[in-house]
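Novice: Heads up, the sequence shown is in this note's numbering, so the first residue is 2 and it goes up one at a time.
Yeah, the Cβ is synthetic: ideal placement off N, Cα and C, and Gly gets one too.
Got a structure here, written out as structure tokens. Questions coming.
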Amino acid sequence: MRATPDSPEALDHAAELIAQADALIVAAGAGMGVDSGLPDFRGPEGFWQAYPALGRAQLDFYSVASPATFRSRPELAWGFYGHRLALYRRTRPHAGFGILQRWGEGMLQGLRVFTSNVDGQFQRAGIPAEHVHECHGAIDWMQCATPCTDAIWPADAFLPEVDDETCLLRNALPVCPHCGGLARPNILMFGDAAWVEAREHEQADRQRAWLRHVHRPVVVELGAGTVVPSVRAFSHAVVKELGGRLVRINPREPQVPSGRDVGLAMGALEGLQAIDQRLHRA
2 MRATPDSPEA LDHAAELIAQ ADALIVAAGA GMGVDSGLPD FRGPEGFWQA
52 YPALGRAQLD FYSVASPATF RSRPELAWGF YGHRLALYRR TRPHAGFGIL
102 QRWGEGMLQG LRVFTSNVDG QFQRAGIPAE HVHECHGAID WMQCATPCTD
152 AIWPADAFLP EVDDETCLLR NALPVCPHCG GLARPNILMF GDAAWVEARE
202 HEQADRQRAW LRHVHRPVVV ELGAGTVVPS VRAFSHAVVK ELGGRLVRIN
252 PREPQVPSGR DVGLAMGALE GLQAIDQRLH RA
């Protein structure tokens, strides 16, 4: 069901699905962070608007966010990721995160999160880290760029200083405590054979164990498009394998698999607030 922001029938249907569920599964893509002020990297224009220095150099997201750039131009790679790390640290999660927490707290099995975002916003909003599955890793963790070991460690001690004019790191590059070589974020990049996956696998195992206790799940999917399909594939798997229902909130691609699901052509915060108003009236 495709809906516009003024479609009361679709919003009522979404509220009904949430009210009847015994578990809330939040599936979030990059659009979830837009209402918190985080940049939208959709297409080269969006990326270059956020990082004009890279636009002037005609460097796109796919070339910068790669292990090859850490090898060839580590100051540029860490300029980009260092800027993102500092941005995510100072960003305050929008009110939609709190709405989702409240909905989950009212359900028998609670709430879990599946996200392709690496920004740590769900944890910063107060959702327990053990309830979050970050399928592409997290910028708050580091690993060896080689890697010399499967160890990862928190990025807390790294305080990046980035030259906005050149997108280059100005302070010392972070190093691996085990071999002294270059460290990198524990994030799955493009063309990445060196990502240390152990943390993501542990998160996936915890989520699968929780899903075994769920009987009437609702997936609330937010800002997940078709270009990077990880989140949508997860949402559809829950619907198919567990008999769950899907509420998809996406301003550009709201289409859903069946008429029993709901698609809202809205931004994440706008959609969550509109559904929440109906739940309060129920």
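#1: Should D165 be labelled buried (16 or more other beta-carbon atoms within 10 Å of its own) or exposed?
#2: Using the Cα positions of M190 and D120, report the straight-line distance between them to the nearest angstrom.
#3: Per DSSP, D262 forms a beta bridge with which residues?
#4: Express the C-alpha separation of L183 and N172 in angstroms, rounding to a whole number.
#5: With C-beta atoms as the reference, is L101 less than 8 Å away from L265?
#6: Does the separation of the CB atoms of L18 and V219 fall below 8 Å?
#7: Would you identify the three-state DSSP class for R41, choosing helix, strand or coil?
#8: Does DSSP put N129 in a helix, in a strand, or in coil?
#9: Please return the same chain residues whose Cβ sits closer than 8 Å to the Cβ of D7, not counting the five positions on each side in sequence.
#10: For Q208, which of helix, strand or coil comes out of DSSP?
#11: With a cut-off of 8 Å, do at least 3 Cβ pairs link the stretch 44-53 to the stretch 123-135?
#12: Helix, strand or coil for L55, going by three-state DSSP, please let me know.
#13: Counting Cβ pairs closer than 8 Å, one from the stretch 141-149 and one from the stretch 30-39, do we hit at least three?
#14: Tell me the start and end of each unbroken beta strand (DSSP E) in the stretch 105-150 that is at least 3 residues and wholly inside, in chain order.
#15: Tell whether a beta-carbon distance below 8 Å holds between E76 and L223.
#16: Rounded to a whole number of angstroms, what is the C-alpha to C-alpha distance between V263 and T116?
#17: Please report the distance separating the alpha-carbon of L86 from that of D141.
#18: According to the neighbour-count rule (16 or more other Cβ atoms, all chains shown, within 10 Å of its Cβ), is G138 buried or exposed?
#19: DSSP three-state label for P68, please.
#20: State the CB to CB distance for the pair Q204 and H134, rounded to an integer number of angstroms; the pair is presumed to be in contact (CB under 8 Å).
#21: May I ask you to report which of helix, strand or coil DSSP gives D36?
#22: Let me confirm a value: G105 is counted as buried when at least 16 other C-beta atoms fall within 10 Å, else exposed. Which label applies?
#23: To the nearest whole angstrom, what separates the beta carbons of A16 and L280, a pair I think is in contact under 8 Å?
#24: Do A269 and M33 have their C-beta atoms within less than 8 Å of each other?
#25: DSSP has N251 in a bridge; who is on the other side?
#26: Mapping the DSSP letters down to three states, classify R171 as helix, strand or coil.
#27: Does W79 come out as helix, strand or coil in the three-state DSSP assignment?
#28: Excluding sequence positions up to five away, which residues of its chain have a Cβ less than 8 Å from the Cβ of D193?
#29: Have a look at I276 and N187 and give me their C-alpha separation to the nearest angstrom.
#30: Got a sec: does the ligand PLP put a non-hydrogen atom nearer than 7 Å to the Cβ of C168?
Specialist: According to the structure shown:
#1: For the purposes of this step, residue 165 is taken as the residue at position 164 of the sequence shown. That one is exposed.
#2: As a working note, residue 190 is residue 189 in the sequence shown. As a working note, residue 120 is residue 119 in the sequence shown. Using only the alpha carbons, I get a separation of about 14 Å.
#3: Taking the first residue of the sequence shown as position 1, residue 262 is located at position 261. Partner(s): none; D262 has no beta bridge.
#4: Here the question's residue 172 lines up with position 171 in the sequence shown. Here the question's residue 183 lines up with position 182 in the sequence shown. The straight-line gap from Cα to Cα measures roughly 14 Å.
#5: Here residue 101 refers to the residue found at position 100 of the sequence shown. Here residue 265 refers to the residue found at position 264 of the sequence shown. It is not a contact, given that the beta carbons lie outside the stated cut-off.
#6: Here residue 18 refers to the residue found at position 17 of the sequence shown. Here residue 219 refers to the residue found at position 218 of the sequence shown. In contact: L18 and V219 (Cβ atoms closer than 8 Å).
#7: Here residue 41 is taken as the residue at index 40 of the sequence shown, counted from 1. In the sequence under discussion, the amino acid at residue 41 is Asp, which differs from the Arg named in the question. DSSP places D41 in coil when its eight states are reduced to three.
#8: In the sequence shown, residue 129 corresponds to position 128, counting from 1. For clarity, residue 129 is Pro in the given sequence; the question names Asn instead. Of the three classes helix, strand and coil, the one that applies to P129 here is coil, per DSSP.
#9: If you number the sequence shown from 1, residue 7 lands on position 6. Residue confidence for D7 is low, a pLDDT of 48 falling below 50, so the modelled location carries little weight; the figure read from the coordinates is stated next. Same-chain partners within the cutoff: there are none.
#10: In the sequence shown, residue 208 corresponds to position 207, counting from 1. Looking at Q208 - three-state DSSP - the assignment turns out to be helix.
#11: no
#12: On the sequence shown, position 54 is the one that residue 55 refers to. DSSP places L55 in helix when its eight states are reduced to three.
#13: no
#14: 112-116, 133-135 and 138-145
#15: Along the sequence shown, one-based indexing puts residue 76 at 75. Along the sequence shown, one-based indexing puts residue 223 at 222. No; because the gap between Cβ atoms is not below 8 Å, this pair is not in contact.
#16: Looking up residue 263 in the sequence shown gives position 262. Looking up residue 116 in the sequence shown gives position 115. Rounded to whole angstroms, V263 to T116 spans 20 Å at the Cα level.
#17: Translated into positions along the sequence shown, residue 86 becomes position 85. Translated into positions along the sequence shown, residue 141 becomes position 140. About 7 Å.
#18: Stepping through the sequence shown from its first residue, residue 138 is reached at position 137. So G138 counts as buried.
#19: Walking along the sequence shown from the start, residue 68 turns up at place 67. Helix.
#20: Locating residue 204 in the sequence shown gives position 203, where the first residue counts as 1. Locating residue 134 in the sequence shown gives position 133, where the first residue counts as 1. So it is a contact: roughly 4 Å between Cβ atoms.
#21: Counting from 1 along the sequence shown, the entry for residue 36 is found at position 35. Helix.
#22: Taking the first residue of the sequence shown as 1, we reach residue 105 at position 104. It counts as buried.
#23: Against the sequence shown, residue 16 aligns to sequence position 15. Against the sequence shown, residue 280 aligns to sequence position 279. Right, the Cβ-Cβ distance comes to about 5 Å (below 8 Å), so this counts as a contact.
#24: In the sequence shown, residue 269 corresponds to position 268, counting from 1. In the sequence shown, residue 33 corresponds to position 32, counting from 1. A contact, by the Cβ cut-off of 8 Å.
#25: The residue given as residue 251 occupies position 250 in the sequence shown. Its beta-bridge partners do not exist; DSSP assigns none.
#26: Start at 1 with the first residue of the sequence shown, and residue 171 comes out as number 170. Looking at R171 - three-state DSSP - the assignment turns out to be coil, as it is neither helix nor strand.
#27: Indexing the sequence shown from 1 puts residue 79 at position 78. Note: W79 maps to helix in three-state DSSP.
#28: Residue numbering aside, residue 193 sits at position 192 when the sequence shown is read from its first letter. For D193, where only same-chain residues beyond five positions count, the Cβ hits under 8 Å are S67 and P68.
#29: Along the sequence shown, one-based indexing puts residue 276 at 275. Along the sequence shown, one-based indexing puts residue 187 at 186. Approximately 35 Å between the Cα atoms of the pair.
#30: This structure lacks the ligand PLP; in fact it carries no ligand of any kind.
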